[in-house]
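Residue numbering for the sequence shown follows UniProt numbering, starting at 1 and increasing by one per position. Report on the structure given below.
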Amino acid sequence: MPVSDSVSRPDTDAASERLPINELFASLQGEGKLSGVSSTFVRTSGCNLRCWFCDSYHTSWEPTHAWMSVDEILAEVRDLDPDHVVVTGGEPLIHDEVSALLDRLADDYHTTVETNGTLETDAPVDLASISPKLASSTPTAENAPEGSEPGVWTEQHESRRIDLESLASLADHAEEVQLKFVVTGRDDLPEIESLVDDVRGVTAREIRDTDVLLMPEGQTREELARTRTEVADLAAEFGYRYTPRLHVDLWNDAPET
Ligand code: SF4
């Protein structure tokens, strides 16, 4: 099973100008401030973290993809209707070519970059959807996906998951920002409060409580049904914003939703 922090590139010159694309499709944005907005999703493959609950397993624990040039990606985006484009992963910012894609999208589309916040970008971004990964995300022998190698990743994930310098850079750089936390329960809140304070201390941008989103962990309707009420109550109690996972609620996280 591939466990690299990136994806292996084919040994050709052409591949160096291409992106590993796991999915490219139009749907509704399922999470965050733009929930419900018609959007085109460009999902790159590969991630530098390994959250045990990863809902895009085929971009992280077991990356799969086709290699596409920026021109080919733009042609498919243009064939679809939405004016919003979500560049997501995996972790899209591990790929240098994402900058060229964001540059080309900037004139015609509203762009969201969904990132785990461990890397920076100079490319134009309308909404930085930053999802710092909490201690509860770290894979252990008990909760890692079946057949994976959590021992390899526990230490790497733990040491990489928070990078304040990158969080500050992303927050300062984008037109708008949201800090979106995957919440497994009340025990996550002290870390969220501490991290929000840390980010506020290093960015010039005002991070409002309404920019902090609590999102229930859960990759299926059944799992969400167990977590969302508690997380909604926590958002109300702490003054943060609750975000649904519409793609799970509506389509049970089927591919291309
Ligand atoms: S950072 Fe995101 S894509 Fe990467 S392993 Fe965690 S949930 Fe999956």
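Each residue gets a CB set at the ideal place from its N, CA and C atoms; glycine is no exception. All values reported here derive from a predicted model rather than from experimental measurement.
Alpha carbon to alpha carbon, how far is residue i from residue j?
i, j, result
"E62", "P92", "15 Å"
"L246", "P82", "17 Å"
"V113", "V248", "20 Å"
"T257", "P216", "18 Å"
"Y242", "L214", "5 Å"
"S194", "A66", "40 Å"
"V196", "R205", "12 Å"
"D5", "N48", "Per-residue confidence for D5 stands at a pLDDT of 45, beneath the threshold of 50, marking its modelled position as unreliable; no derived number is given."
"V212", "E175", "16 Å"
"D198", "L164", "8 Å"
"E158", "E17", "31 Å"
"R200", "D122", "21 Å"
"P244", "A75", "31 Å"
Which class does residue i belong to by DSSP, given the choice of helix, strand or coil?
i, result
"L246", "helix"
"L49", "coil"
"T118", "coil"
"P139", "coil"
"E17", "helix"
"L170", "helix"
"T203", "coil"
"E23", "strand"
"I130", "strand"
"W251", "helix"
"L80", "coil"
"residue 261", "The structure shown has nothing for residue 261, since the chain only spans 1 to 257."
"L213", "strand"
"T257", "coil"
"R241", "strand"
"L28", "strand"
Does the beta-carbon of residue i, which I'm using as the reference point, lie nearer than 8 Å to any heavy atom of the ligand SF4?
i, result
"K33", "no"
"H133", "The sequence as given places Lys at residue 133; His does not occur at that position. Answer for K133: yes, Cβ within range of the ligand SF4."
"S38", "no"
"D55", "yes"
"S148", "no"
"E120", "no"
"S166", "no"
"W251", "no"
"L28", "no"
"G218", "no"
"V152", "no"
"G90", "yes"
"L19", "no"
"L214", "no"
"N143", "no"
"L49", "yes"
"V182", "yes"
Just reading off the beta strand (DSSP E) that residue i is part of, what are its end residues?
i, result
"Q178", "E176 to V183"
"V67", "Position check: residue 67 holds Trp in this sequence, whereas Val was assumed. W67 -> beta strand (DSSP E) spans A66 to S69."
"P92", "Element bounds for P92: n/a, residue is neither H nor E."
Tell me which residue opens and which closes the alpha helix (DSSP H) that residue i is part of.
i, result
"R43", "Where R43 is concerned, there is no enclosing alpha helix (DSSP H), although the beta strand (DSSP E) it sits in stretches over S38 to T44."
"residue 277", "Outside the displayed span of the chain (1 to 257) sits residue 277, for which this structure offers no information."
"T229", "R221 to F238"
Pull up the CB-CB distance for residue i and residue j, whole angstroms please, since I reckon it's below 8 Å.
i, j, result
"T59", "S39", "The pair is not a contact, with the Cβ atoms about 17 Å apart (cut-off 8 Å)."
"D126", "T115", "Contact flag wrong, Cβ pair sits at about 13 Å."
"V177", "A128", "5 Å"
"E120", "S169", "4 Å"
"R50", "P139", "5 Å"
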